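Asker:
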Amino acid sequence: MPRVRLIAGPNGSGKTTLFKTLQQHQDVHFGQYINPDDVADTLKGFKPTNSAKPLIDDDRYKAAQNICVGLRDKYLEQGLSLTYESVMSHASHLDYIKTANSKGFKTYLYYTCINDPDVNIERVSARVKTGGHPVPTDKIVKRYFASLEQLFEMASICHRAYFFDNSFTQELFAEKSENNLLKIDQSRYNQIAPIWFQEYVLSKWDKDLLRLIEYS
């Protein structure tokens, strides 16, 4: 059965780092991997037809996003397993996962977040200094909350969901199983105190479907 894996979270929350960690430590087939940042890097120096100048950064990242959407749709139509990264700040991702479900894909969400969007701003700024792409501060904050607004529904419609907090070190502290049970490692949860998870997921989940577990 083909699979769609969505690695999501606000700008600067550590999506690419999470993907690399999962690659190293999980026996998981990720299929075709789609990362807008990687695509944007391949467009550096690209000159559009009838233009003597290469794309500026904003246009390059917009083009990369469009290419990634096209690739996602293509792989879905071909029935190929895929993994893609996204801030997940737009409802179109919900539509995409619903379509994947209807086509018989197993869908997985890996969501990483930080308690304070000011930390996201700092991390994006630090990333820019090492060659990463810039994101305006107002967009980081806007997308932070827009992404979280999608989180409950996205976790609900995916077959499985995994929640990571990266306020200090990236750590898995909760997961949703296929029977809609939301399993929380109480020790890690209490240590991390993920305010974002409490407000946007836990407070909305059916209390009869909550379970406390302990990761080894």
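Residue numbers (UniProt numbering): 1 to 216.
Here a beta-carbon is modelled for each residue, glycine too, at the ideal position from N, C-alpha and C.
Please read all numbers here as calculations on a predicted model, not as lab measurements.
(1) To which residues does DSSP link Leu82 through a beta bridge?
(2) Compare the C-alpha of Ala118 against each of Val141, Tyr96, Ser147 and name the closest.
(3) Under 8 Å between the Cβ atoms of Ile34 and Leu71?
(4) For the alpha helix (DSSP H) that Leu212 lies in, which residues bound it at each end?
(5) Among Phe173, Leu181, Pro10, whose alpha-carbon lies nearest the alpha-carbon of His90?
(6) Could you give the DSSP three-state label for residue 220: helix, strand or coil?
(7) Hey, how far is the Cα of Leu82 from the Cα of Met1?
(8) What separation, rounded to the nearest whole angstrom, lies between the Cα atoms of Leu6 and Asp206?
(9) Check whether the Cβ atoms of Thr16 and Gln170 lie closer than 8 Å to each other.
(10) Taking 7 Å as the limit between beta carbons, can you name the residues of its chain near Tyr75, skipping five residues before and five after?
(11) What does a CB cutoff of less than 7 Å around Arg143 pick up in its chain, not counting 5 residues either side in sequence?
(12) Quick one: give me the first and last residue of the alpha helix (DSSP H) that Lys204 is part of.
Answerer: According to the structure data:
(1) Residue 82 sits at position 82 when you count from the first residue of the sequence shown. Per DSSP, Val4, Gln32.
(2) Here residue 118 is taken as the residue at index 118 of the sequence shown, counted from 1. One point to set straight first is that residue 118 is Asp, not Ala, in the sequence displayed. With distances taken between Cα atoms, Asp118 lies closest to Val141.
(3) In the sequence shown, counting from the first residue as 1, residue 34 sits at position 34. In the sequence shown, counting from the first residue as 1, residue 71 sits at position 71. The answer is yes: Cβ separation under 8 Å.
(4) Taking the first residue of the sequence shown as position 1, residue 212 is located at position 212. From DSSP, Leu212 is part of no alpha helix (DSSP H) but of the beta strand (DSSP E) over 210-213.
(5) Here residue 90 refers to the residue found at position 90 of the sequence shown. Here the closest residue by C-alpha is Pro10.
(6) No answer is possible for residue 220: it lies beyond the span of the chain, which begins at 1 and ends at 216.
(7) Counting from one through the sequence shown, the residue named residue 82 turns up at place 82. Counting from one through the sequence shown, the residue named residue 1 turns up at place 1. Those two C-alpha atoms are separated by around 12 Å.
(8) As a working note, residue 6 is residue 6 in the sequence shown. As a working note, residue 206 is residue 206 in the sequence shown. Rounded to the nearest angstrom, the two C-alpha atoms are 23 Å apart.
(9) Looking up residue 16 in the sequence shown gives position 16. Looking up residue 170 in the sequence shown gives position 170. Not a contact, by the Cβ cut-off of 8 Å.
(10) For the purposes of this step, residue 75 is taken as the residue at position 75 of the sequence shown. The answer, listed in chain order, is Gln32, Leu82.
(11) Taking the first residue of the sequence shown as 1, we reach residue 143 at position 143. Excluding positions up to five away in sequence, the list reads Pro10, Asn11, Val87, Ser89.
(12) The residue given as residue 204 occupies position 204 in the sequence shown. Counting along the chain, Lys204 falls outside any alpha helix (DSSP H), and DSSP gives it neither H nor E.
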